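Step one of this worksheet: look at the structure below.
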Amino acid sequence: MPRPARTLAAAAITGVLLAGMAVAPAAAAPIAIGATVSHRTSIKESLRVDRVPTPKMNWAECDEGAECATVDLPLDYDDPKGPTTQVAVVRVKARDQKRKIGSLFINPGGPGVPAIATVLASPYFLSDVLLERFDIVGMDPRGVGASNPIRCFRSVEEQTRAYEGLNVAFPYTKAEEKAYVASSVAVGKACSITGKPISGAMSTAQVARDMDVLRRAVGDKKLTYLGYSYGSILGQYYANMFPDRVRAVAIDGVLDATAWIGGANYGDVDQESRMRSAQGAYKALGEILKRCKSVGADLCPLAPGDPAAKFELAMQRLKAGPVVLEVPYLGPRTFTYTSFIGSVLRLLYYPWNDGDIVWLTAEVLRLTDPTASAADREQARAALGRWLAQARFDDIPYDNMMEAFLGVDCTDANHPKDIASWPARAARADKRDPYFGRLWTWTSAPCARGSWTVRDEDRFTGPFDRRTANPVLVVGNYWDPSTNYNGAVSTSKLLPNSRLLSSDSWGHTAYGTSACVTDAMDAYLLRLTLPRKGTVCKGDIQPFQEVPEFAATIRAQVSGSDMAARSAPVRGARKQLPPVVAPLPVATLSGR
Numbered sequence: 340m341p342r343p344a345r346t347l348a349a350a351a352i353t354g355v356l357l358a359g360m361a362v363a364p365a366a367a368a369p370i371a372i373g374a375t376v377s378h379r380t381s382i383k384e385s386l387r388v389d390r391v392p393t394p395k396m397n398w399a400e401c402d403e404g405a406e407c408a409t410v411d412l413p414l415d416y417d418d419p420k421g422p423t424t425q426v427a428v429v430r431v432k433a434r435d436q437k438r439k440i441g442s443l444f445i446n447p448g449g450p451g452v453p454a455i456a457t458v459l460a461s462p463y464f465l466s467d468v469l470l471e472r473f474d475i476v477g478m479d480p481r482g483v484g485a486s487n488p489i490r491c492f493r494s495v496e497e498q499t500r501a502y503e504g505l506n507v508a509f510p511y512t513k514a515e516e517k518a519y520v521a522s523s524v525a526v527g528k529a530c531s532i533t534g535k536p537i538s539g540a541m542s543t544a545q546v547a548r549d550m551d552v553l554r555r556a557v558g559d560k561k562l563t564y565l566g567y568s569y570g571s572i573l574g575q576y577y578a579n580m581f582p583d584r585v586r587a588v589a590i591d592g593v594l595d596a597t598a599w600i601g602g603a604n605y606g607d608v609d610q611e612s613r614m615r616s617a618q619g620a621y622k623a624l625g626e627i628l629k630r631c632k633s634v635g636a637d638l639c640p641l642a643p644g645d646p647a648a649k650f651e652l653a654m655q656r657l658k659a660g661p662v663v664l665e666v667p668y669l670g671p672r673t674f675t676y677t678s679f680i681g682s683v684l685r686l687l688y689y690p691w692n693d694g695d696i697v698w699l700t701a702e703v704l705r706l707t708d709p710t711a712s713a714a715d716r717e718q719a720r721a722a723l724g725r726w727l728a729q730a731r732f733d734d735i736p737y738d739n740m741m742e743a744f745l746g747v748d749c750t751d752a753n754h755p756k757d758i759a760s761w762p763a764r765a766a767r768a769d770k771r772d773p774y775f776g777r778l779w780t781w782t783s784a785p786c787a788r789g790s791w792t793v794r795d796e797d798r799f800t801g802p803f804d805r806r807t808a809n810p811v812l813v814v815g816n817y818w819d820p821s822t823n824y825n826g827a828v829s830t831s832k833l834l835p836n837s838r839l840l841s842s843d844s845w846g847h848t849a850y851g852t853s854a855c856v857t858d859a860m861d862a863y864l865l866r867l868t869l870p871r872k873g874t875v876c877k878g879d880i881q882p883f884q885e886v887p888e889f890a891a892t893i894r895a896q897v898s899g900s901d902m903a904a905r906s907a908p909v910r911g912a913r914k915q916l917p918p919v920v921a922p923l924p925v926a927t928l929s930g931r
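With our numbering as the guide, the letters of the sequence shown map in order to residues 340 to 931.
This is the structure in structure tokens:
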């Protein structure tokens, strides 16, 4: 069965409102600076950060067009002269230094994802108007990437043994659940002991304090910030901890900070039940299957008939038993229900993968159809194997990304104590949000308070309703499979000086997926101009429709070595999507 193909449209399509009206952010009213009185940074928080001497940034060229530096910052801001942790920083200088507005700090999400690579890739995905007027700055958060990294194990071998039960997208069988629980306990205990002291000092509040010191170090009186995914949490923390130091905070792909952290009102509720990421993923998949039915078999191989029912049938067959695929260069690999769902979630992160999702489902149906010919089943087996070979991850010697993610999440948020409760919690989540409830619930299992025992006494627990000096721009995408659109709505309601920008966009986060969203965010960061209240944009790429010629169809992923080997794109070059990363299980796309 051939994969449905896309064609490129010759005419450019501008972002539009759902009602069909064009959005013109430049015509919106500018922010009335000083019209309302903002909350002030608390005396306690001011004392913590302001008594830290302004670091001298010893910038040195590290890649073409980029400069790097390292800064020693307090491990504990209550002890500014005590132990330090080294934080790595990078900047891509503004093209027009004479007209420079200041620095634009970027965080790509995670948590636990380095920001340096994102800043190096910024010429590929940020609009030229931002590159002209801002130094683009990113720091690898403490414990992450090129900063002093968290390391919970003494060797790769020790880490590998501890991670053994985590090498599934999520556990489904009783045996998998037992192994996943055991590995979660092992990782939690290791990070609480071997991972110290950095594992107890990685809370988002500490990163926000680091960013405020660095804001001062680069010479900015107030912070200009762009945060994606978990970066929306960092933006909210900064806005509420330092409300009078906000010039502009734009957050895209928004998690509700109150739901992220939990608290007395949530009791023993797990993090996924608070945030409902799985609900976002299920809604996005359901909409793709709904549109599949409407476009017919010419564009969607699951039509005619009921595509949602066919998807469920494919999942029931995989639950009954995995299939063995012959993967080029890798040999036989077992493809399970959990690895398929993990693959679908990964695909939902991109706005153009609707074809892959329905094609994969159709091939699974063909492979598992007891009435199909042997030749037909073998064709499906080979096609799925080729796809899996392209989708696999490469191994790296000591990958601490999961530990970096946990170092933030487990320290920030309130999690249930008893790891033994996770199987029941995951099963309930899957009934509430099918396919994805288990996956998202198990992500936080190593954070169970009974095994993750290290704490950060200086974490920030709110409130998250401070009035900032300038409004915060909150951007939510209807079909985001990771950061549920509801998080943007609730965050905008909680922040009294904020504006919600919604978009009928696909994939994870909206910047770059819609000209309407991108223009509105650029206008806000540049001129402090807000989109009109109630603005709803539309994504340039929609399921089963032609892709506009101008639309970004890959994510920018540029390593330092790549940047050094080739020049950054010239002004006017076609842009890509931001290299946004959100936490997913280590084995999401791998067969076993």
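Beta carbons: idealized from backbone N, C-alpha and C, even for Gly. The structure displayed is predicted, hence computed values, not measured ones.
Item: Range of the contiguous alpha helix (DSSP H) that encloses LEU686; Value: 676-687
Item: Enclosing alpha helix (DSSP H) for TYR824 [first to last residue]; Value: 824-833
Item: Distance CB(VAL814)-CB(LEU840) smaller than 8 Å; Value: yes
Item: ALA730, enclosing alpha helix (DSSP H) - first and last residue; Value: 713-730
Item: Buried or exposed (CB count within 10 angstroms, at least 16 for buried), GLU400; Value: exposed
Item: Through-space distance from GLN884 to ASP693, alpha-carbon basis; Value: 10 Å
Item: Three-way DSSP call (helix, strand, coil) for GLU665 in this model; Value: strand
Item: Nearest-angstrom Cα separation, counted from SER538 out to VAL452; Value: 15 Å
Item: Per DSSP, the bridge partner or partners of ILE445; Value: LEU565
Item: Exposed unless 16 or more other CB atoms sit within 10 angstroms - verdict on VAL588; Value: buried
Item: Start and end residues, alpha helix (DSSP H) containing CYS855; Value: 854-866
Item: Of the listed residues SER466, LEU573 and SER385, nearest to ARG481 (C-alpha basis); Value: LEU573
Item: Enclosing beta strand (DSSP E) for LEU553 [first to last residue]; Value: Unbroken run through LEU553 is the alpha helix (DSSP H), 543-556; no beta strand (DSSP E).
Item: Boundaries (first-last residue) of the alpha helix (DSSP H) holding TRP599; Value: 596-600
Item: Inside the stretch 613-672 only - beta strand (DSSP E) runs reaching at least 3 residues; Value: 662-666
Item: Proximal residues to ALA363 (C-beta, below 6 Å), its chain only, five neighbours per side dropped; Value: Note that ALA363 scores a pLDDT of 35, beneath 50, so its modelled location is shaky and nothing firm can be said.
Item: Which of helix, strand or coil DSSP assigns to ASP415; Value: coil
Item: Beta strand (DSSP E) segment containing ARG838, residue limits; Value: 837-845
Item: Inter-residue Cα distance where the pair is PRO820 and LYS420; Value: 43 Å
Item: ARG913 to GLY619 span [Cα, whole Å]; Value: 30 Å
Item: Nearest candidate by alpha-carbon position, reference GLU471, set LEU686, SER461 and ALA603; Value: SER461
Item: Where the alpha helix (DSSP H) containing ARG434 begins and where it ends; Value: Premise fails: ARG434 is in no alpha helix (DSSP H) and is neither H nor E.
Item: Classification of LEU833 by the beta-carbon crowding that lies within 10 angstroms, buried from 16 upward; Value: buried
Item: Candidates VAL697, ILE893 and PRO536: closest to ASP637 by CA position; Value: VAL697
Item: Helix, strand or coil at ALA408 [DSSP, three-state]; Value: strand
Item: Where GLY449 falls, given that 16 or more other Cβ within 10 Å makes a residue buried; Value: buried
Item: Cβ shell of ARG794 (< 8 Å), same chain only, five flanking positions each side left out; Value: GLY539 and THR750
Item: Pairwise C-alpha distance: TYR689 and ASP645; Value: 24 Å
Item: Counted within 10 angstroms of its Cβ, other Cβ atoms place THR499 as buried (16 or more) or exposed; Value: exposed
Item: Beta strand (DSSP E) segment containing GLY474, residue limits; Value: The amino acid at residue 474 is misidentified as Gly; the sequence shows Asp. Unbroken beta strand (DSSP E) run through ASP474: 473-478.
Item: Outcome for CYS604 when other beta-carbon atoms lying within 10 angstroms are tallied against a minimum of 16; Value: A quick correction: the sequence has Asn, not Cys, at residue 604. The residue is exposed, with fewer than 16 neighbouring Cβ atoms inside 10 Å.
Item: Closest by C-alpha distance to SER678, when choosing among TRP691, VAL703, GLY670 and MET550; Value: VAL703
Item: Inter-stretch contact at 8 Å, needing at least 3 Cβ pairs: the stretch 475-489 / the stretch 589-609; Value: no
Item: contact_flag[the stretch 388-402, the stretch 550-569] where n(CB pairs < 8 Å) is 3 or more; Value: yes
Item: Length of the line joining the Cα atoms of THR892 and SER844; Value: 14 Å
Item: Boundaries (first-last residue) of the beta strand (DSSP E) holding GLU515; Value: Counting along the chain, GLU515 falls outside any beta strand (DSSP E), though it belongs to the alpha helix (DSSP H) covering 513-532.
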